[in-house]
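Shown next, in structure tokens, is the structure this report addresses.
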Amino acid sequence: MKRILTIVGARPQFIKAAAISHTIREKFADSICEDILHTGQHYDDAMSGRFFKELDIPQPKYNLGVGSGSHGVQTAAMLKGIEEILLSAHYDGLLVYGDTNSTLAGALAASKLHIPVYHVEAGLRSFNRDMPEEINRIVTDHVSSLLFAPTQTAVKNLQNEGFKDGNIVFSGDVMFDNVLHYAPVAVQKTHLRIESSSFILATLHRDFNTDNHERLTNILSALNSITEQFNSEILLPLHPRTRKIIDSMGLNSFSNRICVTEPLSYLETLAALQKSRLVLTDSGGLQKEANFSGKCCVVLRPETEWVELVEDGAALLADANYDLILEATAKLIDKTPKPTTHFGNGHAAEIIIKHLVV
Ligand code: UD1
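Per my numbering, the very first residue in the sequence shown carries number 652; after that it's consecutive.
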């Protein structure tokens, strides 16, 4: 029996961990024992607890409760807490997801104790080292024993950085597994707080957009104009960071056709995607979920790790440029992208776990 410690901390990691945890419980309960450690990076119910309930993820065995802070303060608290647990209990490996500070802390703590690190969503690169996530990904990949790449582009990025093929596994994307699993029930199980049956879904949380007044005002102005030019409602669930900044800057005079809500749950997000005409986002995960749900995406960033979506014409990069956002919206609204072939066969979780148990 292999004992694995899974590190989660931020909203997208709960979603990714759900796919693996369910598959362990359903198919590998005899060969692998998983404990979950929640760093506490996200702590509001709307950002954390709700996902465990809705996705039926086992309660974390450990919760470090580190909360918010600067990168150094937050990552250091996690590193210390994770190391203490790894020293007091025996684990054969540590599973980390994506590119958050929780990912980095887990990877550093385990690798220095010579515990193998398994990185799900390895090999993603924006080639923009101003993003904290890019630093987190690069460091995590370089201390990991097994690199689970969601796309062939991610495989190539790792090969270009000198990783040996034996350490790289093209697994496909666990987020694709999840959309296939949960989308059929999402609309029945949820009620969205928006009257219109067809709307644009927009999200915004990256620090380079929220913490830069010019970028934030450009994006919000573009959203206001889109409601008029495209005669469309916009559903805008706000990350707590974005809400705080919008309130503090007095930027909260939205068009009455923009429905501002709390962050959506996972099933609400999938239901919103199904009803949406288009997605505007600076999130990484939502770009893919839009595509898996048959919707196009305007990316509110200068670049993306998910280059396949841009190459396929399913996404356009508009950065925080007012004119580009309106142009991209005109090109993509109500357009259906061709079905994706880049993110595996919907069984990424099973492929990953098979590599963990050997
Ligand atoms: C983090 C990840 C980012 C990921 C995102 C998903 C890093 C560096 N960034 O960004 O890659 O896309 O999660 O959502 O790890 N806050 C609350 N309540 C919460 C959580 C956060 O109010 O439950 C507020 C706090 O003001 C906090 C701010 O949001 O300072 C930012 O939170 P933080 O965890 O630092 O980063 P995210 O922006 O959420």
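Every residue, glycine too, gets a C-beta built ideally from N, C-alpha and C.
Residue environment: asparagine 907 is assigned as exposed (fewer than 16 neighbouring CB atoms within 10 Å of its CB, all protein chains considered). With 16 or more neighbouring CB atoms inside 10 Å of its own CB, arginine 928 falls in the buried class. Burial state of arginine 844 is exposed, judged by a 10 Å Cβ sphere holding fewer than 16 other Cβ atoms. Aspartate 686: member of the beta strand (DSSP E) spanning 683 to 689, first to last residue. Per DSSP, the beta bridge partners of leucine 887 are Val911. Distances from the alpha-carbon of histidine 793 to those of Leu759, Leu764 and Ser721 put Leu759 closest.
The C-alpha of tyrosine 713 is placed about 13 Å away from the C-alpha of lysine 731. Residues with their Cβ less than 5 Å from any non-hydrogen atom of the ligand UD1, running along the chain, are Ala661, Arg662, Gln692, His693, Tyr694, Asp695, Met698, Ser719, Thr751, Asn752, Pro783, Glu784, Pro891 and Arg892. Annotation: isoleucine 984 is outside any beta strand (DSSP E) and is labelled neither H nor E by DSSP. Between asparagine 752 and arginine 776, the beta carbon gap of about 18 Å keeps them out of contact (Cβ cut-off 8 Å). Leucine 951 sits in coil when the DSSP states are folded into three classes, being neither helix nor strand. With a beta-carbon spacing of about 7 Å, glycine 744 and leucine 1007 fall inside the 8 Å limit used to define contacts. Take the alpha-carbon of serine 682 and the one of alanine 1000: they are about 15 Å apart. Proline 914 and proline 891 have their C-alpha atoms some 8 Å from each other. DSSP places threonine 804 in the uninterrupted alpha helix (DSSP H) bounded by 803 to 811.
Under the DSSP assignment, leucine 931 falls in the beta strand (DSSP E) whose first and last residues are 927 to 932.
Within the DSSP bridge table, the entry for valine 768 names Leu745 as partners.
In the DSSP assignment, arginine 654 falls outside any alpha helix (DSSP H) and lies within the beta strand (DSSP E) extending over 653 to 659. In this structure, the beta-carbon distance from leucine 921 to valine 830 falls below 8 Å.
For isoleucine 666, there is no enclosing beta strand (DSSP E); the enclosing alpha helix (DSSP H) covers residues 662 to 678. Bounds of any alpha helix (DSSP H) do not take in threonine 751, whose DSSP letter is neither H nor E. Listed in chain order, the non-local C-beta contacts of threonine 674 below 7 Å within the same chain comprise Ala1000, Glu1001 and Ile1004, local neighbours out to five positions each way being set aside. Contact between the segment 733 to 749 and the segment 764 to 774 is established, with three or more Cβ pairs separated by less than 8 Å.
By the neighbour-count criterion, in which a residue is buried when 16 or more other Cβ atoms sit within 10 angstroms of its Cβ, glutamine 839 is exposed. For the options Arg662, Pro663 and Ala670, the alpha carbon positioned closest to that of tyrosine 833 is the one of Ala670. Distances from the alpha-carbon of leucine 855 to those of Asn869, Ser849 and Thr657 put Asn869 closest. For isoleucine 708, there is no enclosing beta strand (DSSP E), as DSSP gives it neither H nor E. Residue environment for leucine 951: buried (at least 16 other C-beta atoms within 10 angstroms of its C-beta). About 16 Å separates the CB atoms of alanine 979 and valine 958; that is not less than 8 Å, and the two are not in contact. Counting only residues of its own chain and dropping the five nearest sequence neighbours on each side, leucine 738 has a CB closer than 8 Å to the CB of Leu764.
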